[in-house]
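Chains as they are written, first to last, in the numbering used here: chain P, 293 to 1004; chain W, 620 to 824.
Cβ coordinates follow ideal geometry from the N, Cα and C atoms, glycine included.
Computed from a predicted structure; not experimentally measured.
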């Protein structure tokens, strides 16, 4: 679901090869393998899935994932296609007795009055316990239940009704009929029932995602619903099931460092203002744990919650990559909002070009560091990255790059740290007598701890092999001492653990913009604004197209278009539309159309600084919010979509004419060929100066933003 | 190894190298598994150091069917088709060349362009139904896929085969591969062109 195993990073990762192995009908169960791709675009993965005639493509309408997933849950509950015994396990002991490695909170009681918390032993008058279950209709502390608990049940205690998580989920799922779901998803009638039926009949069913379902305003709940489907069929941690990753190899340099203090500008913190509700959204640290970058720039621009003094950009190009990037450009050009800016960059990227100071980084072939395994790869791997050009000073280990005016990113950071007198660097860095003056010193120290022992010793196995690799062979994983049975073997084993389907942390937190509680279970929702209101129907009528984007297999977002070999595979991108829409608009491949979003007219009025360079960045801008695009008609895009793939239409990194100290520098038009779409993301209708963001998880509404398309 | 549709066994590759000439070296591309990642094209460029615009190997995308009504189950397909030189039995490029710069080697069937003789008139590019010959604007001569002849002569397989992420293209002797493919239950031979030039590269679906 929204996960394309044959694209992006994954040809080089293990999953594409696993899929090929199944495609080639090699290995156990491979003959009955069926791959269903749920995606608005007929991706390369979908092409492979249907090639053999076994798989399927479900062309879901963007932003309707919640309806598809909850619809599946509804069908599974209505037709008793869930693992009842498994879901009725109240605790660890019962799970162990019955041979399960996990159990769930499905039988735990949750209050029906806000804040909707789990019923505790204390509240039920039973004793000390975090959760209470019903056994034969009688409340019992979960740890004391020695058999299965009631799954679909409720009870009233002290006048308050408590329901099991399962019953709450069942009621939620039954809020919409399958026909309603299919109408919203715009897929053939009967699709959900048929997929859910085949899914639950499979020997090893699994539904997995990548960014597709979660990079949306309903992203948190979409992800939760997808995980719940896996839990309903008891496939978590099982072989052929769904795993949540494992601990990667790591080193550990312990330093008494400084802890960051204060409030983050992206407002990833509980709202503590004096007013009842906040003027801009605050995000739950428990849900938006990586921070909310799009909120960062919007807030910086509005100097909320305070004015920043300086900004250091590294390994990032938000002026190009950020949806609704006009915020980033406007903020960077606004001396009041961002008075001092630095960028560490290997190219004169879009963001760097707007910064005050640029510290030139070395290229990707001159880096030192490591790369851990992605969670879906269950064997542990650590790749060591070493420069393939340039050289290290034999005594000081200072790196000499091939270009004299560049410096390895880490070296720049370490130099800064030393200048600022930060602990952990320079003389006596982590221990008496140990110096950390450059990246070699740093990584050498890192690779002496925890899972590593030899440092960067060129004769050591880490440097020689280029990493540390766990042998994936079964005999190295399943020993007499540790046999994992039906479950996936994890390095070091894994404790029997509980899986929470109900998110109490979310249910007891409030949306800072409305002051009302979030929901602890997935919701039937499409696009919502920061106050959790759906988009106005009049907008959808006036802007009937949906924005869609993807990445080509052979490009990263912003770091590969200046490789002319890669650029030559597809010299430019087009706005892709379905033949049905082409007929309606009366256009063919190669024709031009103009496009605007419900908020793109603000470009002329609300972004005075950006307006000065708009035409340089977007030569296809024709004013009043309209942009020109050249069309390609393809059935690979479902009807109603306006799809423009990323990596094209660059306006930095040497794509357009640029000057340094008044001197024109080298550029190549081929780098900037094609179109870029990020300015066409719709602004939040409440705030009007920020992209639509998931109020819970902080994900950006990456697809489905409404657009109006007209023939020129 | 499955009985249904295995990858080309190493023995066949070894036998292909050992077999005395005349023979026809070629490629087998199993379209079912090509994921359209273009790694072969990039591997080729790196191996042969070709300039931008000169691609000995390309991967084209073919859309089959039309999908317009979301209320109906879609019935479309997309094929990723790697296009190297077909090293034809009767090369149209060779017939078209006015200066005899293109030859088909008797011993191993590889079709090569002699750059010293080539005058860059591009007749071969017009004649070839597969778009294999490419004009190198810097050197002003035609160039094309050599089946990595410099590697083959050292007993190595072509760079594109080695790079293939999905293990969907294989190198070997034409008859050996044809026999092998014919024994498979699933692999169906398909043609990607008119076939009038007797292309040696084998495609299965």
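Of all C-beta pairs linking the region 812-828 of chain P to the region 344-363 of chain P, three or more are shorter than 8 Å, placing the two stretches in contact. With a threshold of 9 Å between beta carbons, residue 773 of chain W makes no contact with chain P. In the structure shown, the three-state DSSP call for residue 693 of chain W is coil. The C-alpha of residue 974 of chain P is placed about 52 Å away from the C-alpha of residue 742 of chain W. A contact between stretches requires three or more CB pairs, one per stretch, nearer than 8 Å, and the region 496-510 of chain P fails this requirement with the region 381-394 of chain P.
Neighbours of residue 657 of chain W in chain P, taken as residues whose beta carbon is under 7 Å from its own, are 845, 846, 861 in chain order. Apart from the 5 residues on each side of it in sequence, residue 728 of chain P sits with its Cβ closer than 6 Å to the Cβ of 717, 721, 734 in its chain, given in chain order. For residue 610 of chain P, the enclosing alpha helix (DSSP H) covers residues 610-613.
Taking the CA atoms as reference points, residue 651 of chain W sits about 30 Å from residue 670 of chain W. For residue 461 of chain P, the three-state secondary structure derived from DSSP is helix.
Taking a contact as a CB-CB distance under 8 Å, the pair residue 587 of chain P and residue 982 of chain P counts as one, their CB atoms being some 7 Å apart. Using a Cβ-Cβ cut-off of 9 Å, residue 628 of chain W does not count as an interface residue toward chain P, since no Cβ of chain P sits closer than that to its own. Secondary structure within the region 359-425 of chain P: the beta strand (DSSP E) runs of 3 or more consecutive residues, fully enclosed, are 394-396, 401-403 (chain order).
Straight-line spacing of the CA atoms in residue 548 of chain P and residue 723 of chain P works out to 10 Å.
In terms of CA proximity to residue 614 of chain P, P:994 leads the group P:1004, P:994, P:999. Cβ-Cβ distances below 6 Å link residue 872 of chain P to 931 in the same chain, with the five nearest sequence neighbours on each side left out; the list follows chain order. Chain P has no Cβ within less than 9 Å of the Cβ of residue 752 of chain W. Around residue 658 of chain W, the same chain offers 782, 783, 784 as residues with beta carbons nearer than 8 Å, after the five sequence neighbours per side are excluded.
Residue contact check for residue 930 of chain P against chain W: a CB pair falls below 9 Å. With contacts defined as CB atoms closer than 9 Å, residue 590 of chain P and residue 575 of chain P fail to qualify as a contacting pair.
In the structure shown, residue 849 of chain P adopts coil according to DSSP, grouped into three states. With contacts defined by Cβ atoms closer than 9 Å, residue 864 of chain P and residue 656 of chain W do not form a contacting pair. One Cα belongs to residue 942 of chain P, the other to residue 808 of chain W, and the distance between them is close to 42 Å.
With three or more CB-CB distances shorter than 8 Å, the region 478-488 of chain P counts as touching the region 338-357 of chain P. In the three-state reduction of the DSSP assignment, residue 339 of chain P falls in the helix class. Under the DSSP assignment, residue 651 of chain P falls in the beta strand (DSSP E) whose first and last residues are 649-652. By the Cβ neighbour-count rule, residue 639 of chain P is buried, with 16 or more other Cβ atoms within 10 Å of its own. If you draw a 10 Å sphere on the C-beta of residue 598 of chain P, you find fewer than 16 other C-beta atoms in it, and that means exposed. When DSSP states are grouped into helix, strand and coil, residue 856 of chain P belongs to the helix group. Residue 959 of chain P and residue 690 of chain W have their alpha carbons spaced roughly 48 Å apart. DSSP, read as helix, strand or coil, puts residue 796 of chain P in helix. Taking 9 Å as the cut-off, the Cβ atoms of residue 678 of chain W and residue 653 of chain W count as close. Annotated as proximal: residue 609 of chain P and residue 850 of chain P, with beta-carbon spacing under 9 Å.
Pairwise C-beta distances place the region 436-445 of chain P out of contact with the region 793-801 of chain P, as fewer than three of them are shorter than 8 Å.
Listed in chain order, the alpha helix (DSSP H) runs fully inside the region 509-538 of chain P are 511-524, counting runs of at least 4 residues. Contacts with chain P at 9 Å (Cβ-Cβ) include residue 654 of chain W.
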